[in-house]
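Under our numbering, the first residue of the sequence shown is numbered 14, with each subsequent residue one higher.
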Amino acid sequence: MPLPRGRSYPAVPLARSAPILLVLLVVAAACRTTDPGLPPGGDLAAPPPPPPPPPPPPSACVSGPECHRAAETLAEEDAARGEQALVRCLECVDAPPAAYTLLASLRSELHQPESARRALQDGVRRYPDNGLLWMALGRHEFSAGRHREGLQALATARRLRPDDQNLADEHDHQLLRHGSDEDRIEAKIQPLLQEAAGRFELEDPNGALRALEAALVEAKGQSRLEAQIRHRMALVHLSRGELALAQSNIEMALAILPVQTPQRAEVLLTDAEVLLSMNRPKDAAVAAQTAIDLDPANPLAYANLGIAKSLAGDPEAAINSLEQGFRWGLARRLTPDQFLAIPAIEKLKGHVRFPGLMRSGWPERPYPSSSP
Numbered sequence: 014m015p016l017p018r019g020r021s022y023p024a025v026p027l028a029r030s031a032p033i034l035l036v037l038l039v040v041a042a043a044c045r046t047t048d049p050g051l052p053p054g055g056d057l058a059a060p061p062p063p064p065p066p067p068p069p070p071p072s073a074c075v076s077g078p079e080c081h082r083a084a085e086t087l088a089e090e091d092a093a094r095g096e097q098a099l100v101r102c103l104e105c106v107d108a109p110p111a112a113y114t115l116l117a118s119l120r121s122e123l124h125q126p127e128s129a130r131r132a133l134q135d136g137v138r139r140y141p142d143n144g145l146l147w148m149a150l151g152r153h154e155f156s157a158g159r160h161r162e163g164l165q166a167l168a169t170a171r172r173l174r175p176d177d178q179n180l181a182d183e184h185d186h187q188l189l190r191h192g193s194d195e196d197r198i199e200a201k202i203q204p205l206l207q208e209a210a211g212r213f214e215l216e217d218p219n220g221a222l223r224a225l226e227a228a229l230v231e232a233k234g235q236s237r238l239e240a241q242i243r244h245r246m247a248l249v250h251l252s253r254g255e256l257a258l259a260q261s262n263i264e265m266a267l268a269i270l271p272v273q274t275p276q277r278a279e280v281l282l283t284d285a286e287v288l289l290s291m292n293r294p295k296d297a298a299v300a301a302q303t304a305i306d307l308d309p310a311n312p313l314a315y316a317n318l319g320i321a322k323s324l325a326g327d328p329e330a331a332i333n334s335l336e337q338g339f340r341w342g343l344a345r346r347l348t349p350d351q352f353l354a355i356p357a358i359e360k361l362k363g364h365v366r367f368p369g370l371m372r373s374g375w376p377e378r379p380y381p382s383s384s385p
């Protein structure tokens with residue numbers, strides 16, 4: 014059984030072909046200050062040490078929004094200390110999307126454009142349905158002269174904020190200035206992709222497939238767009254249990270995608286889900302591992318690898334993979350009940366390491382000890 018994604022037909026952003034980095038992991042040691050103490054060989058006659066540094070910003074995260082507000086206030090006086098405080102805020106489970114936008118703004122102010130970009134990439138990774146973050150990323154890419162990445166991010170923002178006319182005008186303007194034929198075709202098929210997603214959510218998979226087939230005609234000759242549409246068709250067929258059709262579309266998508274791309278990793282993730290549904294866990298493990306090799310930050314790829322290893326009778330490897338998934342944010346993608354309902358996870362409940370696995374994902378939820 015594949016891992017639940019929250020919806021059977023996820024709205025895969027068009028900008029998935031652009032690299033997106035991991036959610037930032039903050040090392041606690043970077044947040045400490047040290048006492049300068051006496052100089053080497055110092056004694057009572059030595060000059061007094063410099064005044065102690067100001068106390069660091071609060072580091073204990075009680076509330077993501079409160080942490081964000083405190084860091085915002087601090088940043089008004091000292092951008093560098095505000096930036097440090099925001100980095101700690103991102104460790105909060107409920108850190109708001111606006112924290113990433115503010116962090117990028119402060120890093121730009123501190124003349125750290127690449128770090129600012131990473132903050133926004135981390136933000137869209139953590140909150141892929143936040144149109145404002147995608148819009149901020151797009152504008153940042155344009156400011157750095159990365160026009161293609163900027164167009165892709167703005168296209169995603171536009172899909173997520175269809176009623177934002179200012180955003181639509183901005184995207185159209187940039188398409189005219191910097192867009193390729195592929196970019197213009199991508200904008201043209203957006204309404205069809207949105208129709209497909211809407212019809213699927215209304216439990217009209219046949220209508221979704223018709224919209225995707227129309228989009229496929231418009232995208233002819235554009236391999237990245239064709240692969241994206243084939244991927245979505247595979248997801249629809251998978252949800253209906255039409256595994257042969259799902260696999261056929263996956264194979265066509267993989268055949269036209271470059272080998273080293275994040276988009277290929279997304280298709281391989283679905284390939285693993287199809288193979289799990291076909292009761293082919295060893296093949297699913299190969300697909301999931303290849304997805305991880307291309308996108309080591311994807312928690313769902315680790316989860317599918319763990320599920321495949323469990324079904325293949327290798328519980329140690331399964332738990333190792335799932336631990337990696339939790340390290341990259343798997344617990345934000347599904348609830349404990351969803352996780353425990355997966356049949357392959359049921360097989361791991363008696364393992365001595367399983368309670369620790371649960372605590373690593375949801376430390377606030379008690380889990381009973383298991384027997385070895």
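Beta carbons are placed, not taken as given, at the ideal position from N, Cα and C, and that holds for glycine. Only a predicted model underlies this, so the values are computations on that prediction, with no experimental measurement involved.
May I ask which residues mark the beginning and end of the alpha helix (DSSP H) holding W147? 144-156
Cβ pair L123, L99 closer than 9 Å: no
Span separating the alpha-carbon of P218 from that of P126: 44 Å
Here's the rule I'm using: 16 or more other beta-carbon atoms within 10 Å means buried, otherwise exposed. How should L225 be labelled? buried
What are the boundary residues of the alpha helix (DSSP H) that S76 is part of? Per DSSP, S76 belongs to no alpha helix (DSSP H) and is neither H nor E.
From A88, G95, H81, A129, pick the residue whose C-alpha is nearest to that of A108; which is it? H81
Start and end residues, alpha helix (DSSP H) containing E255: Counting along the chain, E255 falls outside any alpha helix (DSSP H), and DSSP gives it neither H nor E.
Taking only the alpha-carbon atoms, compute the straight-line gap between C102 and L145 and give it to the nearest angstrom. 19 Å
Closest by C-alpha distance to D185, when choosing among L119, L173, L164, L205: L164
Could you say which of L238, A278, L318, D194 lies nearest to D308 if we only look at CA atoms? A278
Would you say the beta carbon of A357 is closer than 8 Å to some non-hydrogen atom of the ligand FMN? This structure lacks the ligand FMN, and indeed carries no ligand of any kind.
Just curious, the alpha helix (DSSP H) that I320 is in, first and last residue? 312-324
With 16 as the cutoff for other CB atoms within 10 Å, does V230 come out buried or exposed? exposed
Check whether the stretch 262-272 touches the stretch 240-249, taking contact to mean three or more Cβ pairs, one atom from each stretch, closer than 8 Å. yes
Give every residue of the same chain whose Cβ lies closer than 6 Å to the Cβ of R366, excluding the five residues on either side of it in the sequence, and list them in chain order. I332
Does DSSP put K360 in a helix, a strand or coil? coil
Under the assumption that Q134 contacts L150 (Cβ atoms under 8 Å), give the Cβ distance between them as a whole number of angstroms. 7 Å
If you reduce the DSSP assignment to three classes, tell me which class A232 lands in. coil
Would you mind sorting N143 into buried or exposed? The rule is 16 or more other CB atoms within 10 Å of its CB. buried
T274 in three-state terms, based on DSSP: coil
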